[in-house]
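Protein chains in written order, with this note's numbering: chain A, 604 to 738; chain B, 604 to 738; chain C, 604 to 738; chain D, 604 to 738; chain E, 604 to 738; chain F, 604 to 738. Cβ atoms here follow ideal geometry from the backbone N, Cα and C, with glycine treated the same way.
6 protein chains.
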Amino acid sequence: MNEKEPTERFKRGLAKLKEIDGEAGEKVIESLKDIAPDLGRYVIEYPFGDVYSREGLDLKSREIATVSALTAMGNATPQLKVHIHGALNVGCSREEIVEIMIQMSVYAGFPSALNGIFAAKEVFQERDEKGLSDS
Amino acid sequence: MNEKEPTERFKRGLAKLKEIDGEAGEKVIESLKDIAPDLGRYVIEYPFGDVYSREGLDLKSREIATVSALTAMGNATPQLKVHIHGALNVGCSREEIVEIMIQMSVYAGFPSALNGIFAAKEVFQERDEKGLSDS
Amino acid sequence: MNEKEPTERFKRGLAKLKEIDGEAGEKVIESLKDIAPDLGRYVIEYPFGDVYSREGLDLKSREIATVSALTAMGNATPQLKVHIHGALNVGCSREEIVEIMIQMSVYAGFPSALNGIFAAKEVFQERDEKGLSDS
Amino acid sequence: MNEKEPTERFKRGLAKLKEIDGEAGEKVIESLKDIAPDLGRYVIEYPFGDVYSREGLDLKSREIATVSALTAMGNATPQLKVHIHGALNVGCSREEIVEIMIQMSVYAGFPSALNGIFAAKEVFQERDEKGLSDS
Amino acid sequence: MNEKEPTERFKRGLAKLKEIDGEAGEKVIESLKDIAPDLGRYVIEYPFGDVYSREGLDLKSREIATVSALTAMGNATPQLKVHIHGALNVGCSREEIVEIMIQMSVYAGFPSALNGIFAAKEVFQERDEKGLSDS
Amino acid sequence: MNEKEPTERFKRGLAKLKEIDGEAGEKVIESLKDIAPDLGRYVIEYPFGDVYSREGLDLKSREIATVSALTAMGNATPQLKVHIHGALNVGCSREEIVEIMIQMSVYAGFPSALNGIFAAKEVFQERDEKGLSDS
């Protein structure tokens, strides 16, 4: 599968990744370069180039969906933190992030909600320290 | 724990349950009456009386969060279908439901997304047959 | 691995399986005979011959643990129903089964609790129809 | 939802939280104060004020259920450790905790059982260092 | 995202889907046509056009990986059955499928293994009835 | 259950454990000695003495199954790392490990795949530092 991939999806995906996840997203791709560069390319192409670039559901709602799912599954804390950043970057307020976690206490149990809150707390502190403004 | 519960949470919750889940929600409570009536009361009080009644995140976003989480976990199809109805009742379009499922293919895998779509298909057909209008 | 297995674990396990799960347990083993008889043997030897035969935690508590775990995971309804029978066979009351499900609403969310209750409802009805007495 | 909540559930829940989880439980509530105080309040009210305060299943059995579920799900180690403490506080022996983990090897696989044991090991060491006596 | 997608990935994916999943795979795509045709296209493009078309791991090993994962997760029975067919189509024997399920008893617990076996049993019967030969 | 266990299964299992997991496997058993020695014995007897010792599926395929399942479940990182070592010890190449993770992006979502890759990266580095050759 070494043919040059169509650069359209990749370019669109890379722009979308930067828009949503900013520096955190690029670090993930960077960390894949020496071990699984094709997975890095796929992350850009399919989730960002295809899915996040779709119409039909606004970016803020897509991040609400993602933060909810990752909080409920409770087995992917690094990605949850990247997407709490992402949600704040595309229009969620900190209050809305907290409300998503409270909502998850109903559907995935209180431990998932608590661990979601603790992830959010770390993200909020990191943004304060770096002077990142929420959208 | 037989003291009369404060009726405020219960009343608020029952109204919220009807607003969101309509007939499907009331059927769930009804089905608990002979085996676990207190669980039925808790469903009304905590998820609906407390959580869905909160400010800080609009009802449509709460249902996007719920549908996403249940699709990602993939182990609660009856509740997923109730909340696809719920999402359509409080402002989601069918297109938005489909987009949530596509979004989940990224975070919980394609099988979860496919099973989410098949649940949505059943809900859409049921609404068509009953002449239920989406919001 | 065709050497004759030590019959001690197998015999002890089969007796334990009958004590706990009764007819339902034997049906599971029966259903494996034509496709995976060794898995049937392992089910008897390891879970029942080794684990359930241990001292240090009484049988009723072991079934509380099992029913809780299967309700929380929410992806093994047939086994959950076998073990609701099992719990009732070794000393749990129907009320205690219901309380376990309510307890799970806290740790695995309300959908898991509801689906646990619906499984219990089917088991209770089956026992009533068959005239099975709880322990 | 700013009306003053009925203090009955909250008071009962706080007493129950202290009885079961002791210091560890209070720390969790404390850690929520600056980010999600309402979630802290809900933790006290629903799980402890409503559920753990119910009759029909003794506290020790409730903690067996909780430790089993959290071990099986395997995605909430901090809460698992709090509830291993809780189980020991309300009447479980260390031997019973170990047996619960062995029981989970059957229903959730050996990795869940092993990670449960490693969590228990840390809790036992912490209790030894602090001179906490088991119940 | 209505630009014409590069047909290379799609064509390659469709051929791969037919090679692996045969009729069952095409039925899945067909069932998406009226509700989520783009998800059908993505299924062909990303899993089959990109991933299954990669070198570095043979098709039989890819299906062993897939059947194992779906058995362990235990929340996607229809897809598990499609991929048991797939595994048999690309070189797995029925005995190997059974061994995968036994292997899963160790890592995901006996209920997941049992439900995997029951899914395999249905697939084997369906193949016998249709006169499908295993590879 | 203090009768002397048949040493056949134990001996066979210990040899298999050393063959597959090497030093990492023995460390796990060692770490159980003071808290749950019987669980250590069971790990040797059932997974290794019974399951891995079976014919019908070669060791390399068994490790592909295990690494896939643990990556998909995403809640047992220490065991995933032990089995990435195991897979490399019994015939998988590093490239094949990476391909398994890419395969999992389809069935368990991109976060599971990414966390699988990061676990693999740590294992590969550890092997380089220790001068461990892959098989």
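Counting only the Cα atoms, D637 (chain F) lies some 49 Å from I703 (chain B).
Linking C695 (chain C) to E666 (chain D) through their CA atoms gives a straight-line distance of about 16 Å. Contact between Y645 (chain A) and D653 (chain E) holds, since their C-beta atoms are separated by about 6 Å, short of 8 Å. Here DSSP, grouped into helix, strand and coil, assigns S708 (chain A) to helix.
If only complete runs of 4 or more residues are kept, the segment 653-710 of chain C shows the alpha helix (DSSP H) at 662-676 and 680-692, in order along the chain. Proximity of E698 (chain A) to chain B, defined by a Cβ-Cβ separation below 8 Å, is satisfied. Using a CB distance below 9 Å, no part of the segment 610-626 of chain B faces chain F. About 11 Å separates the beta carbon of K684 (chain B) from that of V631 (chain B), a gap too long to meet the 8 Å contact definition. Here D661 (chain D) has no same chain residue with a Cβ atom under 7 Å from its own Cβ, once five neighbours each way along the sequence are excluded. From the beta-carbon of Y655 (chain E), no residue of chain A is found nearer than 7 Å; the closest lies around 10 Å away.
Listed in chain order, the non-local C-beta contacts of L635 (chain F) below 7 Å within the same chain comprise L642 and G643, local neighbours out to five positions each way being set aside. In terms of beta-carbon proximity, Y710 (chain E) stays away from the interface with chain A, with every pair separated by 8 Å or more. Counting along the chain, Y645 (chain C) sits inside the alpha helix (DSSP H) bounded by residues P640 to V646.
In the three-state DSSP reduction, K636 (chain D) falls in the coil class, being neither helix nor strand.
When Cβ-Cβ separations below 8 Å define contact, L735 (chain C) makes no contact with chain D. With contacts defined by Cβ atoms closer than 8 Å, T669 (chain B) and Y710 (chain A) form a contacting pair. Interface with chain C (8 Å Cβ-Cβ cutoff): V646 (chain B) is included. Sorting F:A723, F:G616 and F:Y655 by C-alpha distance to the C-alpha of E698 (chain F) places F:A723 at the top. The contact set of N678 (chain E) on chain B, defined by CB atoms closer than 7 Å, consists of G677 and N678 in chain order.
In its chain, beyond the 5 residues on either side, H688 and N692 have a beta carbon closer than 7 Å to the beta carbon of G625 (chain A). Restricting attention to E:D737, E:K733, E:P714 and E:P650, the CA atom closest to the CA of I700 (chain E) is found in E:D737. In summary, the residues of the segment 628-641 of chain E whose CB is separated from some CB of chain B by less than 9 Å are V631, S634, L635, D637, I638, A639 and D641, in the order they occur in the chain. Around the CB of K619 (chain F), 16 or more other CB atoms lie within 10 Å, so the residue is classed as buried. At a C-beta separation below 9 Å, V685 (chain D) has no neighbours in chain F, since its nearest C-beta there lies roughly 18 Å away. Our two residues, G734 (chain F) and P650 (chain D), have alpha carbons roughly 51 Å apart in a direct line. The Cβ atoms of E648 (chain F) and R612 (chain F) sit closer than 8 Å to each other. Around the Cβ of P714 (chain D), a 10 Å sphere holds 16 or more other Cβ atoms; the residue is buried. In terms of Cα proximity to H686 (chain E), the closest of E:A716, E:I705 and E:I623 is E:I623.
By the beta-carbon neighbour count (other beta carbons within 10 angstroms, threshold 16), Q728 (chain F) is exposed. The straight-line gap separating the alpha-carbon atoms of A716 (chain E) and L673 (chain F) is approximately 14 Å. Between the alpha carbons of K663 (chain A) and L617 (chain C) lies a gap of roughly 56 Å. Across the structure, G712 (chain A) and G719 (chain B) are spaced so that their CA atoms are roughly 21 Å apart.
Contact between A679 (chain C) and G677 (chain E) is confirmed by a C-beta separation of about 6 Å, below the 8 Å threshold. In the displayed model, G734 (chain C) falls within coil according to three-state DSSP, outside both helix and strand.
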